[in-house]
Structure formats: C-alpha cells, structure tokens
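Participant: Following this message is one structure expressed as structure tokens.
Here it is, written out as structure tokens:
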C-alpha cells in the first residue's frame, strides 16, 4: 500500500470539494437527506449514529434535524484525545457545541466508544468511496475504529458528493469498508 497514493487521493478530493459552488452544495444536501430518509433501514431505525458536518463535507444539518423530529435516537461523535470516538445524543440543533479540530459535538453526556454498536444505521464521513466500500477518510483512523465496533448486519453509509464514488482506492489492513454510499445523483448505492 502506497501511503503517498492515499495522500494524493485526499488532496484531489479536497480540492474538488473546495471548488463546489454553494448551490451545488445545497442541492446535494437535500438530495442526500431525501435518499437516506427513504431507505428502508432508515425508516425503521430506532438509533442512527451520524455526524455533524463541517467545512466542505456534505451538509448533514437537515438530515440530523429530520431524523430527530422523526423520533430516531441520533448519536453524534465526540473526538477523544487519542483520536477515537465517544458518542452522545443529539437533542436538536441547539445541542451542538464546538469540538476539537473544528468539529461540532453534542453537549449531552457521553455514552462511551462502544455506543455506536447499538445503532441500527451508521453514517460516516468520507472523501471518497470505491465500488468495494473502501472509504477514504481524512487519515486519523477515528471512523475505522468506530466501524470496527459495528456488527456485520448494520447498514454503514458514507455521504458523498457526485464524483466521489470511484472505481478503486488505495487501502491498508486497518481500513474498514462501508456497506453503502449515497450520492446526490445515484442515491443509495449498496456494495456486495
């Protein structure tokens, strides 16, 4: 595995995201929200582990609010000093506070890193995903650790912009795949 290949893929994905115009970002957020809310697993989910988007990530604010209003128990991550993720409940948009590295975190009490295992669906950020489910993150390994705690029957989904679902990505042994990705144009794409 060539670490330089991962760095190059990250740099390319970040550059493409920064070039997206605001109207594309807004329409993408709506399309992703609608596709995810229509998924049978999301309709039946009692608990959804998600994340509060930051920077150039596909905007999750509308999705989080819709899930919360629908009555789902929404877990959001809290970044721990060692890079692992703890989880706490999302209690609406006013329950978020600034976290480390520019993140937004829930202000509710933490439930422990293992809380993600109780989720019926897990949403993960990604810069790109390939057709086997290999997820390219930002390189910290936080979501690889979280995804390792999730059972094999749980739907794990990466939220992407169009063009970020690619044929192949470099991978390392510790990389944990997702079982699906969602894009504005393709909707929910499942991997075998």
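Residue numbers (my numbering): 1296 to 1487. For glycine and all other residues, C-beta sits at the position ideal for the given N, C-alpha and C. Bear in mind that the values here come from a model prediction, so they are computed numbers and not experimental data.
Identify, in the order they occur along the chain, each residue of the same chain with its Cβ nearer than 8 Å to the Cβ of residue 1380, setting aside the five sequence neighbours on each side.
Facilitator: As a position in the chain shown, residue 1380 is number 85, starting the count at 1. Excluding residues within five positions, the ones whose Cβ falls inside 8 Å are 1372, 1373, 1374, 1408, 1411, 1437, 1438, 1440 and 1441.
Participant: Could you check if residue 1462 is buried or exposed, using at least 16 other CB atoms within 10 Å of its CB as the buried criterion?
Facilitator: Residue mapping note: residue 1462 aligns to position 167 of the chain shown, counting from 1. Classification of residue 1462: exposed, given that the 10 Å Cβ count is below 16.
Participant: Quick one: what's got a C-beta closer than 6 Å to residue 1459's C-beta in the same chain, skipping five residues either side?
Facilitator: Counted from its first residue, the chain shown places residue 1459 at position 164. Same-chain partners within the cutoff: 1423.
Participant: What residues in its chain sit with their C-beta under 7 Å from that of residue 1328, if we drop five residues either side in the sequence?
Facilitator: The residue labelled residue 1328 in the question sits at position 33 within the chain shown. Excluding residues within five positions, the ones whose Cβ falls inside 7 Å are 1357, 1358 and 1361.
Participant: Under a three-way DSSP split, which group does residue 1296 fall into?
Facilitator: In the chain shown, residue 1296 corresponds to position 1, counting from 1. Any reading at residue 1296 needs caution, since the residue's pLDDT is 49, under 50, leaving its predicted position unreliable; the model's value is listed next. Coil at residue 1296, not helix or strand.
Participant: Which same chain residues, not among the five before or five after residue 1485, have their C-beta less than 7 Å away from its C-beta?
Facilitator: Counting from 1 along the chain shown, the entry for residue 1485 is found at position 190. Correct list, in chain order: 1474 and 1475.
Participant: Does DSSP put residue 1384 in a helix, a strand or coil?
Facilitator: As a working note, residue 1384 is residue 89 in the chain shown. Note: residue 1384 maps to strand in three-state DSSP.
Participant: Quick check on this structure: which residue in 1378, 1383 and 1402 has the alpha carbon closest to the alpha carbon of residue 1389?
Facilitator: Within the chain shown, the letter at position 94 stands for residue 1389. Ranking 1378, 1383 and 1402 by Cα distance to residue 1389 puts 1402 first.
Participant: Return the first residue and the last residue of the alpha helix (DSSP H) that residue 1321 is part of.
Facilitator: If you number the chain shown from 1, residue 1321 lands on position 26. Per DSSP, residue 1321 belongs to the alpha helix (DSSP H) from 1317-1333.
Participant: Identify whether residue 1365 lies in helix, strand or coil by the three-state DSSP scheme.
Facilitator: On the chain shown, position 70 is the one that residue 1365 refers to. Three-state DSSP puts residue 1365 in a helix.
Participant: Can you list the alpha helix (DSSP H) stretches of 4 or more residues lying completely in the region 1437-1477, in chain order?
Facilitator: 1437-1443
Participant: By Cβ distance below 8 Å, which residues in the same chain neighbour residue 1405 in space, the five residues on each side in sequence not counted?
Facilitator: The residue given as residue 1405 occupies position 110 in the chain shown. Excluding residues within five positions, the ones whose Cβ falls inside 8 Å are 1373, 1381, 1382 and 1383.
Participant: Which same chain residues, not among the five before or five after residue 1415, have their C-beta less than 8 Å away from its C-beta?
Facilitator: For this step, residue 1415 is matched to residue 120 along the chain shown. Correct list, in chain order: 1336, 1339, 1340, 1341, 1342, 1343, 1449 and 1450.
Participant: How about residue 1430 and residue 1419: do their beta carbons lie closer than 9 Å?
Facilitator: On the chain shown, residue 1430 is found 135 positions in, with the first residue counted as 1. On the chain shown, residue 1419 is found 124 positions in, with the first residue counted as 1. Their beta carbons are under 9 Å apart, which means residue 1430 touches residue 1419 by this criterion.
Participant: Drop a sphere of 10 angstroms on the beta-carbon of residue 1296, count the other beta-carbons inside from all chains shown, and report buried for 16 or more, exposed for fewer.
Facilitator: By 1-based counting over the chain shown, the position of residue 1296 is 1. At residue 1296 the pLDDT is 49, less than 50, meaning the model places this residue with poor confidence and gives no usable figure here.
Participant: Any idea what DSSP makes of residue 1425, helix, strand or coil?
Facilitator: As a first step, residue 1425 is located in the chain shown; it is residue number 130 there, counting from the start. Looking at residue 1425 - three-state DSSP - the assignment turns out to be strand.
Participant: Let me make sure I understand the geometry here. Which of 1472, 1481, 1320 and 1300 has the alpha-carbon closest to that of residue 1417?
Facilitator: Working through the chain shown from its first residue, we reach residue 1417 at position 122. Ranking the options by Cα distance to residue 1417, first place goes to 1472.
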